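Under the working numbering, the sequence shown is numbered contiguously, ending at residue 906. No residue lacks a Cβ here, since even glycine has one placed at the ideal position from N, Cα and C. Owing to the predicted nature of the structure, the values given are computational and were not obtained by experimental measurement. These notes concern the structure reproduced below.
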Amino acid sequence: MFTNFQNPPADAILELAIAFRKDTRPNKIDLGIGVYKDQTGATPVMRAVKEAEKRVWETENSKAYLGLGGDEVFARSVQELVVGDAVDAARVRSIQTVGGGAAVRLLADLVAEGKSGAIWIPNPTWINHGPIGRAAGMEVRQYTYLDTASNSVAFDQMADELSKVAAGEVVVLHGCCHNPTGADLTLDQWKEVAAIIRRNRAIPFVDIAYQGFGDGLDADATGLRIVAAEVPEMVISASCSKNFGVYRDRVGAALLVGEDAVSVDRAKGILLSKGRVNYSFPANHGAATIATIFNDPALLADWKSELEGMRQRMLNIRIALSAGLAKATGTSRFDFIKANKGMFSLLGVGAPAVDRLREDYAIFLPPDGRMNIAAVKEAEIDYLANAFAKVI
């Protein structure tokens, strides 16, 4: 059987990570894979996470399975963090998942079973949205998201294309810090999108993976909450990988907003059954750690403080890099970097320039030119700016 298999398509991000590891140049810079790095280039364990892990280790007295929905305290806490009071809690349900990626997959399976038909994803979007939609058996369609000339949201075209979405079809939206572009909707644009979705009786599917990295924890959830308050049904995938720094622990949540308690409970039961056939029970450690943080005011305050410091560092890098590129190139071409939000910006420099950056300057970017802003060190900005000026 195995001899009949064909090699799967290469994953550009993972291939880039392998190439970076093999490169022996001492000045190499990895701006590809999406993890937060501090000014030393390390991906730290957050202070509150470290302390909470210690408490979990000291108090844990069993390794028995969790329920299918995982840690209920964790799930409720993420629900409150994401949805807030935008919707009556009686209409909202949440479960723990194996990272945000598993939440996307389970929710795609759920809406596919609901015979939603097509799933509309932004162009561009996270590399896994399309494959997950197709794996769930849905027809994947795209709507225009980015104006490549200005590197801002192509909102008029986006709104026009979303107005053609049929009743029951699913529209994927990034809650904040759009991956890969860093270009986010304004609040007025969120309101218009919510109105279009409600008018067309479509199902919004909001993927929020970077809450706290854009404008702050509450501000980053405002667009999502605008939609939630407007529509009768909605699905949400949330990741804790970035804002808690627990990438390898795989901690996420799937949230449901329903018309009433009866229907949303029914949908939750189906969602749990999807988890059962995918991975049975979610792991305990990461979710228990985060639940411990939410339950301790001092730990919660410390987590928020450190997260805000991470957000400010990325903002400062954006401002400095934009200024460095303006000086090196003699143009305002990269001014959009300081206006973008979160970890990423899509540079729009083209594959030949990306290849030259890697070959001549040991700067590693994915083929689409997505830059992980959080991986830039302050001391590298002049080197990066001058290298970009020479290849574009």
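Taking the beta strand (DSSP E) that HIS688 falls in, what are its first and last residues?
Residue 688 sits at position 174 when you count from the first residue of the sequence shown. Counting along the chain, the beta strand (DSSP E) containing HIS688 begins and ends at 684–688.
Excluding sequence positions up to five away, which residues of its chain have a Cβ less than 7 Å from the Cβ of GLY772?
Numbered from 1 along the sequence shown, position 258 holds the residue referred to as residue 772. So the qualifying residues of the chain are ARG605, GLU747, VAL778 and ALA781.
Short of 7 Å in beta carbon distance, which residues of its chain neighbour ALA742, apart from the five on each side in sequence? Order them along the chain.
Reading the sequence shown from its first residue, position 228 is the one you call residue 742. Correct list, in chain order: VAL597, ALA600, VAL601, MET748 and VAL771.
To test your reading of the DSSP string, which unbroken alpha helix (DSSP H) runs of 4 or more residues are found completely within the segment 708–764?
731–734 and 736–744
GLN671 in three-state terms, based on DSSP
On the sequence shown, position 157 is the one that residue 671 refers to. Three-state DSSP puts GLN671 in a helix.
Measure the beta-carbon distance from PRO880 to GLY615 and round it to whole angstroms, keeping in mind my assumption that it falls under 8 Å.
For the purposes of this step, residue 880 is taken as residue 366 along the sequence shown, with counting starting at 1. For the purposes of this step, residue 615 is taken as residue 101 along the sequence shown, with counting starting at 1. The pair is not a contact, with the Cβ atoms about 18 Å apart (cut-off 8 Å).
Spatial neighbours of ALA842 in its chain, beta-carbon cut-off 6 Å, leaving aside the 5 residues before and after:
Taking the sequence shown and counting its residues from 1, the one referred to as residue 842 is at position 328. Excluding residues within five positions, the ones whose Cβ falls inside 6 Å are ALA899, ASN900 and ALA903.
Assuming ILE887 and ARG832 are in contact, meaning their beta carbons sit under 8 Å apart, how far apart are those beta carbons, in whole angstroms?
Counting from 1 along the sequence shown, the entry for residue 887 is found at position 373. Counting from 1 along the sequence shown, the entry for residue 832 is found at position 318. Contact holds; Cβ gap of about 6 Å.
Return the residue from the list TYR875, VAL868 and PHE858 that minimises the CA-CA distance to VAL549.
In the sequence shown, counting from the first residue as 1, residue 549 sits at position 35. Residue PHE858 is the option with its Cα nearest to VAL549.
Take TYR761 as the anchor and find which of ARG739, VAL559 and PHE534 has the nearest alpha-carbon.
Here residue 761 corresponds to residue number 247 of the sequence shown, with the count starting at 1. Selected option, being the one with the closest Cα: VAL559.
I'd like to know whether the C-beta atoms of ILE807 and ALA562 end up nearer to each other than 8 Å.
Position 293 of the sequence shown, counted from the first residue, corresponds to residue 807. Position 48 of the sequence shown, counted from the first residue, corresponds to residue 562. Their beta carbons are under 8 Å apart, which means ILE807 touches ALA562 by this criterion.
Three-state secondary structure (DSSP) at ALA903?
On the sequence shown, residue 903 is found 389 positions in, with the first residue counted as 1. ALA903: helix per DSSP, three-state reduction.
Residue of GLY838, ALA556, SER755 and MET828 minimising C-alpha distance to GLY696:
Working through the sequence shown from its first residue, we reach residue 696 at position 182. The candidate whose alpha carbon is nearest that of GLY696 is MET828.
Reduced DSSP category for MET857 - H, G, I as helix; E, B as strand; rest coil
On the sequence shown, position 343 is the one that residue 857 refers to. It is coil, neither helix nor strand.
Taking all protein chains shown into account, do 16 or more other C-beta atoms lie within 10 angstroms of the C-beta of TYR961, making it buried, or fewer, making it exposed?
No answer is possible for residue 961: the residues shown for the chain start at 515 and end at 906.
Classify GLN725: buried if its beta carbon has 16 or more other beta carbons within 10 angstroms, exposed otherwise.
Stepping through the sequence shown from its first residue, residue 725 is reached at position 211. Buried.
Output needed for MET885: all residues of its chain with C-beta closer than 7 Å, excluding positions within five of it in sequence on either side, in chain order.
For the purposes of this step, residue 885 is taken as the residue at position 371 of the sequence shown. Counting only Cβ-Cβ distances below 7 Å, and skipping sequence neighbours, we find LEU545, PHE858, SER859, LEU861 and LEU879.
When the Cα of GLY800 is compared with those of ALA767, GLN553 and ASP537, which residue comes out closest?
One-based indexing of the sequence shown puts residue 800 at position 286. Checking every option, the nearest Cα to that of GLY800 belongs to ALA767.
Separation of PHE719 from ILE609, as counted between CA atoms:
Your numbering for residue 609 matches position 95 in the sequence shown. Your numbering for residue 719 matches position 205 in the sequence shown. Their backbone Cα atoms lie some 16 Å apart in a straight line.
Strand pairing of PHE878, partner residues [DSSP]
One-based indexing of the sequence shown puts residue 878 at position 364. According to DSSP, PHE878 bridges with ASP544.
Counterpart residues of TRP634 in DSSP-defined beta bridges:
Within the sequence shown, the letter at position 120 stands for residue 634. DSSP, once it has assigned bridges, lists ARG655 and VAL685 as partnering TRP634.
Quick check: the segment 645–659 against the segment 620–635, are at least 3 beta-carbon pairs closer than 8 Å?
yes
Do ALA876 and ILE527 come within 8 Å of each other at the CB atom, strictly closer than that value?
For the purposes of this step, residue 527 is taken as the residue at position 13 of the sequence shown. For the purposes of this step, residue 876 is taken as the residue at position 362 of the sequence shown. No, the pair does not count as a contact, with Cβ atoms beyond the cut-off.
Quick one: which unbroken beta strand (DSSP E) runs of 3-plus residues sit fully inside the segment 811–839? Chain order, please.
none
Short check: CB of ALA673 to CB of ASN693, under 8 Å?
Position 159 of the sequence shown holds residue 673. Position 179 of the sequence shown holds residue 693. Against a cut-off of 8 Å, the Cβ pair of ASN693 and ALA673 comes out as no contact.
Best match in SER755, THR803 and ASP774 for proximity to THR557 [C-alpha to C-alpha]:
The residue given as residue 557 occupies position 43 in the sequence shown. Comparing Cα-Cα distances from THR557 to each of SER755, THR803 and ASP774, the minimum goes to SER755.
Using 8 Å for Cβ pairs, my map puts SER836 next to LYS855. What's the rounded Cβ distance?
For the purposes of this step, residue 836 is identified with residue 322 of the sequence shown, where counting begins at 1. For the purposes of this step, residue 855 is identified with residue 341 of the sequence shown, where counting begins at 1. Their Cβ separation, rounded to whole angstroms, is 13 Å, which puts SER836 and LYS855 out of contact at 8 Å.
Output the boundary residues of the beta strand (DSSP E) element that contains ILE609.
The residue you call residue 609 lines up with position 95 of the sequence shown. Residues 606–612.
Counting only the same chain and skipping the five closest in sequence on each side, list residues whose C-beta sits under 6 Å from that of GLY647.
The residue given as residue 647 occupies position 133 in the sequence shown. Answer for GLY647: ALA622, ILE633 and VAL654, listed in chain order.
Could you check if THR554 is buried or exposed, using at least 16 other CB atoms within 10 Å of its CB as the buried criterion?
Residue 554 sits at position 40 when you count from the first residue of the sequence shown. So THR554 counts as exposed.
Starting from ASN792, follow the alpha helix (DSSP H) in both directions and report where the run begins and ends.
Taking the first residue of the sequence shown as 1, we reach residue 792 at position 278. 775–792 is the extent of the alpha helix (DSSP H) around ASN792.
Looking at the secondary structure, which residues open and close the alpha helix (DSSP H) in which ARG535 lies?
Taking the sequence shown and counting its residues from 1, the one referred to as residue 535 is at position 21. Unbroken alpha helix (DSSP H) run through ARG535: 526–536.
Contact set for ILE618: own chain, Cβ-Cβ below 8 Å, skip 5 residues either direction
Taking the first residue of the sequence shown as 1, we reach residue 618 at position 104. For clarity, residue 618 is Val in the given sequence; the question names Ile instead. The residues are ASN642, HIS643, ILE646, ASP721 and SER751.
Tell me whether GLY838 is buried or exposed, calling it buried when 16 or more other Cβ atoms sit within 10 Å of its Cβ.
Locating residue 838 in the sequence shown gives position 324, where the first residue counts as 1. Buried, since its Cβ has 16 or more Cβ neighbours within 10 Å.
Separation of MET515 from ASP698, as counted between CA atoms:
Within the sequence shown, numbered from 1, the residue matching residue 698 stands at position 184. Within the sequence shown, numbered from 1, the residue matching residue 515 stands at position 1. Straight-line Cα distance between these residues: approximately 46 Å.
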